[in-house]
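Top line first, the protein sequences correspond to chains L and X.
Residue numbering for the first sequence follows the numbering used here, starting at 1 and increasing by one per position.
Residue numbering for the second sequence follows the numbering used here, starting at 320 and increasing by one per position.
Using N, Cα and C, we set each Cβ at its ideal position, and we do this for glycine too.
Quantities reported herein were computed from a predicted structural model and do not represent experimental measurements.
Shown next, in structure tokens, is the structure this report addresses.
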Amino acid sequence: MPIEIPKDKWPGSVRTITLGANSDGGTRTSVVTVGGEKALPFMHFEAEVPHRPVVAIEIRDRKPDDWSPLLPEVWGEAMNDPAAWAKAAEAAGADLLLMMLSLTTSDGQPNTPAHAVAAVKAVLGATGLPLIVFGPGNAELDNALLVPVAEATKGERLVLGICEDKNYRTIVATAMANGHLVSARTAMDVNLAKQLNILISDMGLPLDRVLMDPTTGALGYGIEYGFSVMERLRMAALQGDAMTQLPMIVCVGFETWKTKESKVGEGVPAAWGEWHARGINWETMTALTLLESGADIVVLRHPESVKRVKAAIAELMTA
Amino acid sequence: MALSGIQIYKLLPQTNCKKCGFPTCLAFAMKLAAKQVELAACPYVSDTSKAQLAESAAPPMRLVTLKSDGHEIKVGNEVVLFRHEKTFYNRPGVFIKVRDDEDVKAKVTPAEKFAVSYVGMDLTIDGFAVEATGDADRFAAAIKALREISKRPIVLISPDAKVIAAGLAALNGETPLICGADANNWEAMADLAKSNTPGGPPPQSGGHGQAALVVKADSIEALADLTEKIKGKGVEDLVIDPATKNLSQLLTFSTQVRRLALKKNVRSVGFPIVVFANDAVLAAQAVAKYGGFVVLDEFKPEMVYPLLVLRQNIYTDPQKPIQVQPGLYEINNPKPESPVLVTTNFSITYFSVANEVESSGLPAWLLVTDAEGMSVLTAWAAGKFDAERIAKAVKTFNVADKVNKKRVVLPGHVAVLSGELEAELPGWEIKVGPREAVDIPAYYKQVLV
């Protein structure tokens with residue numbers, strides 16, 4: 001009995017965004033292209049999947065104080081210097097890098113523009129991969145650091161973040177003036193995501209320079225909220241809602257490595273199993289789940305997770 | 320897919336006899352379509368019509384139940400493609416596979432005892448799958464050995480009907496899952512599923528007493544043909560095997576089958592799926608994307624724990640975020656001089672904080688506000704966790720009567736509220752704690768004592 005497989009035919013598609021140098025300039029030697037989907041994730045039988053999701057590795061401008069011990073254990077000395085860390089991340093298979101600037105320098109003083117610019121330039125000198133730069137997550141300091149960084153790297157087409165509804169104007173303005181892109185984050189809500197994209201677009205930044213970060217929780221700590229918001233955002237995009245047609249970025253490593261399961265090895269229930277494998281599973285299983293709800297850029301911290309997630313992506317991309 | 324009023328009307332006697340209480344058969348048909356009346360109200364509907372109407376009213380995807388002594392697991396009967404459309408209802412079963420040439424006791428014991436606490440619930444695995452490697456006697460012996468350690472539901476894996484028969488004979492009064500039927504052995508397997516335990520209680524109508532049966536074929540079409548043949552023998556509790564461990568092929572198969580069942584009412588593939596997973600990422604996909612049974616090659620707590628948590632997460636009803644009762648909770652027998660920590664009533668939030676404090680051994684009062692089941696940050700962003708509400712909770716739950724020091728500790732993520740809260744609670748000291756629960760014990764020792 002012949003069976004006709006129901007195929008979705010969507011009127012809309014996701015925008016294609018290219019990170020890295022282009023004909024306007026920039027020193028990045030590789031290019032990352034994401035988005036362009038015309039169907040739900042990996043539905044090869046319905047439409048060609050034009051670009052595979054990519055994996056970014058999160059590094060910092062100095063060795064962080066509060067990361068799970070499993071991370072300095074694997075990155076070693078490289079964590080002490082952003083350029084070395086960037087090289088190690090590239091060697092570990094990163095498609096692109098995300099550097100989050102720290103709140104303070106290693107002597108406990110507030111981070112400074114000079115420090116931030118030096119770190120970004122060091123990374124740009126150490127690797128040709130496309131680069132995302134996030135501020136420390138404090139609105140005042142984000143603006144204070146990202147503007148000089150943007151100016152010092154004019155034309156490099158970095159992605160600057162995080163733009164949120166409470167603080168986006170300064171970052172968007174400096175991105176516009178200096179040839180960069182932005183990442184726009186909202187708290188797991190379809191309408192808030194659309195609203196922020198509208199606000200950014202109204203400022204005059206073309207939407208092909210905006211990544212959408214719907215926020216997510218780690219496995220066990222809110223993943224299903226992110227998962228469902230992403231499914232809804234992706235379906236809205238395919239249905240033709242222009243303000244949701246942006247590729248999505250999710251900071252998986254940031255979320256999973258702050259869980260107790262990933263940070264603590266002693267004094268935890270025996271049922272939790274072996275610490276290292278547990279931490280890797282936490283990151284990889286969160287990443288896989290979100291790839292299947294539409295993540296285009298997955299930001300990870302552990303090189304073993306990078307290996308496994310890239311292998312999973314390659315398998316998911318086979319038609 | 321439910322029939323329309325007109326379609327139902329065509330199956331009724333069309334005599335307008337009014338015995339059902341409605342003036343015309345069409346009126347009755349409309350009520351039936353709206354599920355406002357039972358078919359039984361019509362005394363003259365034919366048996367063929369009854370069967371057709373029952374068939375269309377049946378759920379698009381079969382509910383398959385496995386039973387054993389003191390245990391039951393139900394999978395299937397899903398109604399949506401995306402959890403946000405309504406919810407996913409029946410959590411996939413997580414089973415551990417053991418081969419009959421392995422040390423059954425060594426492999427099964429830790430998996431059987433495994434229990435991990437997550438938001439106040441104890442999560443365990445659902446059952447075991449025994450795979451035959453050789454003859455029937457070895458298979459039966461392995462099953463007996465398993466049953467000495469575990470009473471959980473069981474999957475019997477062998478392509479050989481004689482071996483399966485021996486396996487069924489080793490069980491008593493259960494509903495196992497037989498794995499499985501294919502183009503070559505389906506008749507024998509269907510007979511076994513139907514009789515279940517040879518010499519055991521006869522199957523009742525509706526499939527009770529039967530075993531469930533996995534069906535495998537090379538394509539979705541071949542699968543549909545095979546399930547129809549097996550249904551023709553009266554075996555309907557079927558589970559389908561995608562016969563792949565490739566992430567892309569599995570995703571495609573699972574999606575296509577779910578769409579066929581829910582959107583096209585193709586009953587011949589309206590069954591739960593079994594996924595045989597050899598690694599964490601494949602198992603995660605099976606849980607997130609339409610898996611009914613997930614059978615793992617190995618039992619590894621560091622993988623099973625996150626898998627069971629993911630299952631809880633994906634299968635939570637989006638309309639009902641898990642919440643705890645607001646109130647003043649006591650952790651480690653707090654005294655009047657113990658500190659008061661503030662948090663919200665989202666289950667994950669509450670348990671993150673409560674577990675952290677509990678395992679530290681440090682005594683504290685935990686003031687849980689009504690934030691409509693939202694986490695600290697989400698509730699704050701939504702205006703459901705602010706200075707006014709925190710102050711109200713302090714008063715409502717009589718915190719001042721329990722403590723001799725008027726001091727509360729705010730979660731670090733809402734540090735910005737401390738000034739406002741000082742204004743709302745004059746005479747109270749407002750402290751700002753860490754952002755992450757895991758940092759509470761250190762903060763407590765450094766700041767609060």
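query: Collapsed DSSP secondary structure at GLY646/X in the structure displayed; result: strand
query: Segments of 4+ residues assigned as alpha helix (DSSP H) that fall wholly inside the region 707-731 of chain X; result: 718-721
query: Below-8 angstroms beta-carbon distance, PRO11/L vs any chain X residue; result: no
query: Exposure label - PRO269/L; buried when at least 16 CB within 10 Å; result: exposed
query: Residue-chain proximity (ASN80/L, chain X), Cβ-Cβ < 8 angstroms; result: no
query: Those residues which DSSP pairs with TYR437/X across a bridge; result: MET440/X
query: Contact set for VAL614/X: own chain, Cβ-Cβ below 6 angstroms, skip 5 residues either direction; result: PHE414, LYS416, ALA448 and PHE595
query: Amino acids of chain X, ordered along the chain, whose beta-carbon sits closer than 8 angstroms to that of GLY273/L; result: LYS619, PRO620, GLU621, MET622, VAL623 and TYR624
query: Beta-carbon proximity check, ILE162/L vs PHE134/L, cutoff 8 angstroms; result: yes
query: Reduced DSSP secondary structure (H/G/I, E/B, other) of GLY611/X; result: coil
query: Alpha-carbon to alpha-carbon, ASP81/L and GLY412/X; result: 47 angstroms
query: Cβ-based burial, GLY526/X [other Cβ within 10 Å; buried from 16]; result: Since pLDDT at GLY526/X reaches only 43, below the 50 mark, its modelled position is unreliable, and the value read off the structure follows with that caveat. So GLY526/X ends up on the buried side.
query: Cβ-based burial, SER68/L [other Cβ within 10 Å; buried from 16]; result: buried
query: Below-8 angstroms beta-carbon distance, GLN575/X vs any chain L residue; result: yes
query: Cα-Cα separation, ASP95/L to ILE313/L; result: 12 angstroms
query: Identity of the residues DSSP links to LYS386/X by a beta bridge; result: GLU391/X and THR494/X
query: Simplified DSSP assignment, three categories, for ALA761/X; result: helix
query: Collapsed DSSP secondary structure at ASP66/L in the structure displayed; result: coil
query: Contact belief for GLU292/L with PRO41/L at Cβ below 8 angstroms, rounded distance in angstroms; result: 5 angstroms
query: Helix, strand or coil at ILE3/L [DSSP, three-state]; result: coil
query: Boundaries (first-last residue) of the beta strand (DSSP E) holding ALA531/X; result: 531-535
query: Per DSSP, the bridge partner or partners of GLU748/X; result: ARG726/X
query: Straight-line Cα distance separating ALA530/X from GLY486/X; result: 12 angstroms
query: C-alpha gap between THR29/L and LEU129/L, whole angstroms; result: 6 angstroms
query: 8 angstroms Cβ cutoff, GLN529/X in contact with chain L; result: no
query: Burial state of ASP560/X (16 or more Cβ within 10 Å); result: buried
query: Bounding residues of the beta strand (DSSP E) (the contiguous stretch that carries CYS163/L); result: 159-163
query: Boundaries (first-last residue) of the alpha helix (DSSP H) holding TRP282/L; result: 275-291
query: Whole-Å CB distance - GLU315/L paired with SER567/X, under 8 angstroms assumed; result: 6 angstroms
query: Amino acids of chain X, ordered along the chain, whose beta-carbon sits closer than 9 angstroms to that of GLY267/L; result: SER678
query: Per-residue contacts from ASN281/L into chain A (C-beta, under 7 angstroms); result: No chain A is present in this structure, whose protein chains are L and X.
query: Residues bridged to LEU19/L (per DSSP); result: VAL32/L
query: is_contact[PRO637/X, chain L] using C-beta, thresh 8 angstroms; result: yes
query: GLU755/X: contacting residues in chain L (beta-carbon distance under 7 angstroms); result: LYS258
query: Touching by the beta-carbon criterion (3+ pairs, under 8 angstroms), the region 324-342 of chain X and the region 295-311 of chain L; result: no
query: Residue range of the unbroken alpha helix (DSSP H) whose run includes ILE198/L; result: 190-202
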